[in-house]
Amino acid sequence: DGGITQSPKYLFRKEGQNVTLSCEQNLNHDAMYWYRQDPGQGLRLIYYSQIVNDFQKGDIAEGYSVSREKKESFPLTVTSAQKNPTAFYLCASSLQYQPQHFGDGTRLSIL
Amino acid sequence: QQQVKQSPQSLIVQKGGISIINCAYENTAFDYFPWYQQFPGKGPALLIAIRPDVSEKKEGRFTISFNKSAKQFSLHIMDSQPGDSATYFCAARGYGGSQGNLIFGKGTKLSVKP
Chain A
114 DGGITQSPKY LFRKEGQNVT LSCEQNLNHD AMYWYRQDPG QGLRLIYYSQ
164 IVNDFQKGDI AEGYSVSREK KESFPLTVTS AQKNPTAFYL CASSLQYQPQ
214 HFGDGTRLSI L
Chain B
158 QQQVKQSPQS LIVQKGGISI INCAYENTAF DYFPWYQQFP GKGPALLIAI
208 RPDVSEKKEG RFTISFNKSA KQFSLHIMDS QPGDSATYFC AARGYGGSQG
258 NLIFGKGTKL SVKP
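Which chain is which? The protein sequence lines are A and B, in order. According to the numbering used here, the residues represented by the first sequence are 114 to 224, in order. According to the numbering used here, the residues represented by the second sequence are 158 to 271, in order.
What follows is the structure in structure tokens.
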């Protein structure tokens, strides 16, 4: 089945540690997105990529990094510079100007 | 910063009733207004969407009403069912480039009581 796969479903980070969240899609979508969801805050855009080897900062990019080496993959690294990383992270993809499709998220917590 | 304001934050409706969620936006350059439904532990799923040249769109029990002059749009869920209990997000998308990204409201948690 076509879709977006996020892994792991749950992730724990220690102080000073970088962690990487995986996002893979087999929908042949050009655009991919990372959002952060906090209770009562809606979805906030971290980074997005409209084409391979190119990506742009969203509204809350500080403390995060991404890469887009392959069309189907858009991993997100939560660096130690992100002081409040506990959240639900959502990856999405879309064709240009078409609806975004979301994965089922990764819940990140601090140990 | 561009905003989409969503209300209410939470909503309790009896089974068979009508659920109404409202959103207002500030940027007149938005060209697409989707609604997403999210169940706990899952990602949001597109429910229904509308473009500003249409005042109403209906899909089954779900209807979007759009008021361009007031810069408001709302989701109506007719004959609400317990299975509709979820969090609903409205969103808006601008024209091209970074403006083509979605801006989300903060969500409405709907509970439908049997």
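Built from N, CA and C at the ideal position, the CB exists for glycine as well.
Check, Outcome
"Status (buried if at least 16 other CB within 10 Å, exposed otherwise) for B/S237", "buried"
"According to DSSP, residues forming a beta bridge with A/Q138", "A/I117"
"Within-8 Å CB hit, A/F125 to chain B", "no"
"Option in B/I221, B/K228, B/F196 and B/K162 with minimal Cα separation from B/T244", "B/F196"
"Stretch-stretch touch, CB-based, cutoff 8 Å, three pairs: the segment 132-150 of chain A with the segment 192-209 of chain A", "yes"
"A/A108 - partner residues in DSSP beta bridges", "Outside the modelled stretch of chain A, which goes from 114 to 224, sits residue 108 of chain A, for which no answer is possible."
"B/F219 vs B/I205 beta-carbon contact at 8 Å", "yes"
"Given 8 Å, three or more beta-carbon pairs between the segment 184-193 of chain A and the segment 172-190 of chain B", "no"
"Members of the segment 139-162 of chain A that neighbour chain B once the beta carbon cut-off is set at 7 Å", "G153, Q154, G155, L156, L158 and Y161"
"A/D167 - DSSP class collapsed to helix/strand/coil", "strand"
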